[in-house]
Amino acid sequence: VPTKPQTKQLKPKPKPKPRSTPKPKTKAPPKKKPKKEAPPKPIQSITSYPHSSATPQCLSGYTFVFTGNIPDLPRDTAEEYVKILGGRVTTAVSGKTNYLVCGEILEDDRPVGEG
């Protein structure tokens, strides 16, 4: 007895869900950076400041670059003073530099005022 080939019953495709419109993203207001207070201005030469009167971390947040030869103070010692007092010492001037400490004569024996 011949039998009828069986056919699969196809289920109807489900209707796609309607797309919901995306909610507009709300941006948080930009965070305001706290204003840095202006670095203190030196009023006397470094030889007049005894390091015993400096408070710990008084230079925290300030960046220094040393250039030239300072006659009364070796560069390593000056950099160490700044680090002890919480300051940061870099070798090149950048936008983050707060103080550029210049000796009287540059490393190549030119006066500071010379271009």
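Sequential numbering from 14 applies to the sequence shown in the numbering used here.
Glycine is no exception: its CB is placed at the ideal position from the N, C-alpha and C atoms.
Check the Cα spacing between Ile118 and each of Thr103, Gly108 and Phe79: the tightest is with Phe79. One thing to note: Cys71 has its Cβ no nearer than 7 Å to the Cβ of Leu113. By the Cβ neighbour-count rule, Thr76 is buried, with 16 or more other Cβ atoms within 10 Å of its own.
For Thr80, the enclosing beta strand (DSSP E) covers residues Thr76 to Thr80. In the structure shown, Val106 adopts coil according to DSSP, grouped into three states.
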